[in-house]
Each structure stands twice: as C-alpha cells, then as structure tokens.
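Chemist: The number in my numbering is simply the position in the sequence shown, starting from 1, with 2 added.
The C-beta atom is built at its ideal place from N, Cα and C for all residues, glycine as well.
From a predicted model like this one, the values you see are computed outputs, not experimental measurements.
Quick one: this structure, given as structure tokens, is what I'll be asking you about.
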Amino acid sequence: MNTLPPPDLHPTLVELARRPVPRYTSYPTAPQFSAEVTPARHAAWLDEVGQAGQAISLYLHVPFCRALCHYCGCATQAVRRDAPVRTYVEGLHQEIALLAARLGRVEVAHLHWGGGTPNILPPDCFAGLMEDLAQRFRLRPDMEHAIELDPRHLTAEGARHLAAHGVTRASLGVQTLDPLVQEAIGRVQPLAVVRAAFDHLRDAGIAAINADLMYGLPRQTLDAVEATATALAALEPSRLAIFGYAHVPWMRPHQGLMPQAALPDAAERLRQAAMARAVIEDAGYREIGIDHFARADDPLALAQASGHLRRNFQGYTDDDATTLIGIGATAISRTPRGFAQNTADTPAWRRAVAAGQLPVVRGKAFDGDDRLRAEVIESLLCTFDADLAAIAGRHGATAACFADDLVRLDPLVAAGWVARTEARVTIRSHRHELARLVAAAFDAYLGQQGRHAAAV
Ligand SMILES: C[S@@+](CC[C@H](N)C(=O)[O-])C[C@H]1O[C@@H](n2cnc3c(N)ncnc32)[C@H](O)[C@@H]1O
Ligand code: SF4
3 MNTLPPPDLH
13 PTLVELARRP
23 VPRYTSYPTA
33 PQFSAEVTPA
43 RHAAWLDEVG
53 QAGQAISLYL
63 HVPFCRALCH
73 YCGCATQAVR
83 RDAPVRTYVE
93 GLHQEIALLA
103 ARLGRVEVAH
113 LHWGGGTPNI
123 LPPDCFAGLM
133 EDLAQRFRLR
143 PDMEHAIELD
153 PRHLTAEGAR
163 HLAAHGVTRA
173 SLGVQTLDPL
183 VQEAIGRVQP
193 LAVVRAAFDH
203 LRDAGIAAIN
213 ADLMYGLPRQ
223 TLDAVEATAT
233 ALAALEPSRL
243 AIFGYAHVPW
253 MRPHQGLMPQ
263 AALPDAAERL
273 RQAAMARAVI
283 EDAGYREIGI
293 DHFARADDPL
303 ALAQASGHLR
313 RNFQGYTDDD
323 ATTLIGIGAT
333 AISRTPRGFA
343 QNTADTPAWR
353 RAVAAGQLPV
363 VRGKAFDGDD
373 RLRAEVIESL
383 LCTFDADLAA
393 IAGRHGATAA
403 CFADDLVRLD
413 PLVAAGWVAR
423 TEARVTIRSH
433 RHELARLVAA
443 AFDAYLGQQG
453 RHAAAV
C-alpha cells in the first residue's frame, strides 16, 4: 500500500487548507440569503420563467433516512416508519401543483431526487409523484433523471421500480469501505453491499452510476483511503465524487458523536485527497472540477471537454438550464432573478403548501456585481481558470474592477500555485485543491456572515 507519493506539504499550503471557505455550489452563498425574497417575489420570478418558455430543471428533496450517519451534513432526519414520509409526499404534491400553476406546462430537461435518502420513498409514492410531474410538466423524452440512493436500502426490485419510472442515473453513498472508520462514523456498509447495489442497478438497466467517497473521517488513514478508492474504482462507476469531511458541529450537533480526537489534521487531509485523486486518475478517470471524476465518455467529461461544465447545488453538472426549481423542505430554487429557499422547518413547509402558499422564507435577488462574480467563481471551479477581461466585458465592466480581489491572491502567486495577470487568473494543475480559496478572493461577501468548513 501507499505506492503513490504523498504531495509536498508546503507549510503555507497546510495553513491555507485550514481556512474556512464556502463550497461555492452557489454565489452568493447561502449565508447571504435573507427575508428580502418573499413568496410574492418568488411567485413573480416563477411567472417570468413560465412566460420565457425555456426548459427548466427540477430538484426534489427527500429529507429522511432510516438512521443518521454521524458525519452527515445534509438536511435530513431519521424516521423508522413510513407515515411521516407519506405525509411529506402529500406536501410535495401540493407544492408541485402550486409551482405548475405559475410555470405552466414547461419542459423539464433534468430531474434530480436528493436528500436524505430518496429510496426511502414507498414505491407507490415514487410512482405517484412521477405521474403527477408527467401530467403537470412536459418531461423531455431524453430527460436526465437522477437519484441519490443509500446502497444499504436498495433491493433488486427497488432498482427495477426506479428504472420502470425512467431513472437514468443513480448516485450511491459509499464514503469508506474501512470497517474501523465505518464503526466510527456510524455507517456499516461492507463492500458486498455496495457491489450488490451496482449489480441491482445494472441488471435493471441503470448503467450510469456515481459513487461518493469521503476523506478526512475519524480513524481514516492513507492506506484506508487508497484501499477504498481502489476497490470502488474496480466496480467501474461512471463517476466518482470525493468529498472532504466537512466538520460543522455548530450546524449538525450529531457530528459530536464521532471521536473528535481521531479526526485527521489538515496535512493528513491533503495527503488523503491527493491519494484518492491519484488512485482514481490511475484507474482512468478524468478530473472534473474540485471533487468529481468521470470516465471519458460520461456526459460530465464531455461537458468539460466542450467548455459546458456547470456548477449548481448538486455539485458539477452538464445541466445548462437557467432555472432550477427546488421542491420540498429546505430546497433552493435558482431563477434568472435570484435564489429562493424553502423553509427548513418541515411542519411549517407542510402548512404553507397546504394553505396554497409558496413555502419560501429567504433568498437573494441578484444584482449586477453578483452576476459578474458568480461567473468568475463558476469559471474558476469548473475550469481552474478565469478570463477576467472577457467575463467583465460580458457584464459591461473591465478587468480593472477586480484589482482589490487580485491582491488577495498574493500568497498563492508567490508560492507559484496561481498564475495571475490583470486580465486572467489560472490555478496551476498541481494545485487544483486550492480552487475554493482562489474563488474566495472574488467573493464580495466573505467574512460578513456564516461559518464554513476547512478549504481542503
Ligand atoms: C444525500 S447523501 C447520498 C445518498 C444517501 N443518503 C447515502 O448516504 O448513501 C449525499 C452525500 O453527501 C456527502 N456528505 C454527507 N455529509 C457530509 C459531510 N459532513 N462532509 C462532506 N460530505 C458529506 C456524502 O458523501 C453523501 O454520500
Ligand atoms: S449520509 Fe446519506 S444516509 Fe447518511 S444521514 Fe446523510 S443523507 Fe442520510
């Protein structure tokens, strides 16, 4: 084991890796959302989307799991029985009806079920929701239909049911295959369980499979990361995501259940990230942005090659729709006018949709500077490069408006990790893990509000 060289651990790199910065799945980021976006304002935005008549994307949030994994940072809750899930599904139908009343029978290009654990939905609930969506919207025949699944709860029959309702892509949470780490994180899931999930999906005709891995977990070692990445790559998923464990106990107190003293330090996290990347690239995957990898023929790799890779709340995507409508408690929508987030309080969300009101409680209307900076940040995270002059030009400005932001890159430029002129910023290929930090230099709001997990 450990056949691959660890990266050089420059002291500045370790220091920078500890810095708290957002993941930039949106810009402006969630801490900037405020009550300025009301249900009435979002309703007006939705009316405009309906009138524009362009294809949209849908995200349905299912905030339930059978048990909570100790590390989990997702908006979800543990339920033993189906009753709360069924009640929630009634609310989803109500919200779908409210949205359709504004949007009309708009075309849907991408449909994504996230969570939580969407495969907790009883089969009749999933079928009923798909029927409802197909009646109220025009689901494109070639629509990408993706779902996040917990392999521990996926049966052969369950996979066939998903395929019968048009699912084309599945994303499996794996995290680690090391038994000691699995015990520490409260998620026991042997390789045989993961292999069976791959088999069930492939037998059902769902060939596009993603797998999520994590590093930086308690008791995780470099050997454990290497062994997990090697075993998972051998199952030949079409995509792999490698997430650094985000330690945010102020938001997710249950993370305190894990042995904190056994968390790897910043230097070890950097080594683990480099190890996972090396194993996965060695197995023939291409690096997509900061934390995804894909086979060369996967749509994500093709989008990257053609300059069409995008970043949204689900991470990297080839979805180029300008509107993404989030449905369910905590879900976030993006329209050309701004972000709107539903309440995270599930009973309050239920009451709102039952009363015929959009359950939006906060958001951010875009101004010109937000749009300009969002494009720079998305470009850095998708291509590790930002042509500041070209981007500014598209927004009626010049690259000179970034003069103060560029100064913040001084330590990275001095170390040789970032190339910078007045008109362009490029992250050198051996330091792509610094992309979030480079993006943060262009974040006009950073430091104003919000706490974040470490940069790497
Ligand atoms: C909704 S879950 C995936 C589907 C399913 N619930 C499961 O766990 O198998 C989304 C993914 O987020 C990642 N994740 C969850 N908590 C995290 C954290 N604190 N830091 C980094 N990644 C995290 C995990 O890799 C997880 O697979
Ligand atoms: S990682 Fe997945 S299964 Fe575990 S608590 Fe989070 S959403 Fe649920």
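Quick check on Gln-359: does DSSP put it in helix, strand or coil?
Modeler: coil
Chemist: Check for me: the alpha helix (DSSP H) holding Trp-47 runs from which residue to which?
Modeler: 41-54
Chemist: Can you name the start and end residues of the alpha helix (DSSP H) that Met-260 belongs to?
Modeler: Where Met-260 is concerned, there is no enclosing alpha helix (DSSP H), given that its DSSP letter is neither H nor E.
Chemist: Considering only C-alpha positions, which residue in the set Leu-414, Leu-360, Ser-431 and Ala-391 is nearest to Ala-102?
Modeler: If we check each option's Cα against that of Ala-102, Leu-360 comes out closest.
Chemist: Could you check how far apart the C-beta atoms of Arg-2 and Ala-57 are, in whole angstroms? I think they sit under 8 Å.
Modeler: Only positions 3 to 458 of the chain appear in this structure, which leaves residue 2 out of reach.
Chemist: Measure how close the beta-carbons of Val-169 and His-147 come, nearest whole angstrom, since I'm counting them as under 8 Å.
Modeler: 5 Å
Chemist: Closest by CA to Leu-135, which one among Trp-115, Ile-122 and Asn-121?
Modeler: Selection Trp-115, Ile-122 and Asn-121 evaluated against Leu-135 yields Trp-115 as nearest (Cα-Cα).
Chemist: Mind checking whether the beta-carbon of Arg-430 lies closer than 8 Å to any heavy atom of ligand 1?
Modeler: no
Chemist: Would you check if the stretch 281-289 and the stretch 109-127 touch, i.e. whether three or more CB-CB distances between them fall below 8 Å?
Modeler: no
Chemist: Look at the Cβ atom of Thr-345, then the Cβ atom of Ala-77, and state whether they are nearer than 9 Å.
Modeler: Contact: no.
Chemist: Quick one: complete beta strand (DSSP E) runs, 3+ long, within the stretch 171-258?
Modeler: 171-177, 210-217 and 241-246
Chemist: Flag Pro-153 as yes when its Cβ comes closer than 8 Å to any non-hydrogen atom of ligand 1, and as no otherwise.
Modeler: yes
Chemist: From Leu-374 to Arg-162, what distance separates their C-alpha atoms?
Modeler: Going by the C-alpha atoms only, they are around 44 Å apart.
Chemist: Is any heavy atom in ligand 1 found nearer than 8 Å to the beta carbon of Val-415?
Modeler: In this structure, Val-415 has its CB at a distance of at least 8 Å from all heavy atoms of ligand 1.
Chemist: Which same chain residues end up closer than 6 Å to Leu-414 when comparing Cβ atoms and leaving out the 5 residues on each side of it in sequence?
Modeler: Val-420
Chemist: Hey, is Tyr-73 close to ligand 2, as in C-beta under 8 Å from one of its heavy atoms?
Modeler: yes
Chemist: Gln-184: which of Leu-215, Ser-173 and Thr-89 sits nearest, CA to CA?
Modeler: Of Leu-215, Ser-173 and Thr-89, the residue nearest in Cα terms is Leu-215.
Chemist: Across the stretch 252-270 and the stretch 294-311, are there enough close Cβ pairs to call them in contact, namely three or more that are closer than 8 Å?
Modeler: no
Chemist: Using only the alpha-carbon positions, how far apart do Pro-24 and Ala-243 sit?
Modeler: So the alpha carbons of these two residues sit roughly 18 Å apart.
Chemist: Report the rounded CA-to-CA distance for Pro-7 versus Gly-218, giving the unit in angstroms.
Modeler: Unreliable positioning characterises Pro-7 in this predicted model, as indicated by a pLDDT of 44, which lies under 50. A coordinate reading is not provided.
Chemist: Can you tell me which of the three DSSP states Gly-370 falls into?
Modeler: helix
Chemist: What is the DSSP secondary structure of Arg-154, counted as helix, strand or coil?
Modeler: helix
Chemist: Can you tell me whether Cys-127 is helix, strand or coil according to DSSP?
Modeler: helix
Chemist: Determine, using beta carbons only, whether Leu-94 and Gly-328 come nearer to each other than 9 Å.
Modeler: no
Chemist: How many Å lie between Pro-2 and Gly-395 at the Cα?
Modeler: This structure leaves residue 2 out entirely; the chain is present only between 3 and 458.
Chemist: Here's a check: name, in chain order, each residue in its chain whose Cβ is nearer than 6 Å to the Cβ of Pro-338, leaving out the five neighbours to either side.
Modeler: If we look at Pro-338 and ignore the five residues flanking it on each side, its Cβ neighbours are Thr-324.
Chemist: What are the boundary residues of the alpha helix (DSSP H) that includes Glu-38?
Modeler: Where Glu-38 is concerned, there is no enclosing alpha helix (DSSP H), given that its DSSP letter is neither H nor E.
Chemist: Going by the beta-carbon positions, is the gap between Thr-232 and Val-176 smaller than 9 Å?
Modeler: no
Chemist: What are the partner residues of Ser-28, as DSSP defines its beta bridges?
Modeler: None; Ser-28 has no bridge partner.
Chemist: By DSSP, does Cys-71 sit in helix, in strand, or in coil?
Modeler: coil
Chemist: Under a Cβ-count criterion, where at least 16 other Cβ atoms within 10 Å of its own Cβ denotes burial, should Pro-261 be classed as buried or exposed?
Modeler: exposed
Chemist: Go through the stretch 361-443 residue by residue and report every complete run of the beta strand (DSSP E) that reaches 3 residues or more, in order.
Modeler: 362-367, 387-389, 420-422 and 426-429
Chemist: Answer with buried or exposed for Ala-268, where buried requires no fewer than 16 other C-beta atoms within 10 angstroms of its C-beta.
Modeler: buried
Chemist: Would you identify the three-state DSSP class for Val-91, choosing helix, strand or coil?
Modeler: When secondary structure is reduced to three states using DSSP, Val-91 falls in the helix class.
Chemist: For Phe-45, which option in Pro-181, Glu-380 and Arg-336 has the closest C-alpha, if you only look at C-alpha atoms?
Modeler: The amino acid occupying residue 45 in the given sequence is Ala; Phe does not appear at that position. The option with the nearest alpha carbon to Ala-45 is Arg-336.
Chemist: Comparing the CB of Asp-412 with every heavy atom of ligand 1, is any distance shorter than 8 Å?
Modeler: no
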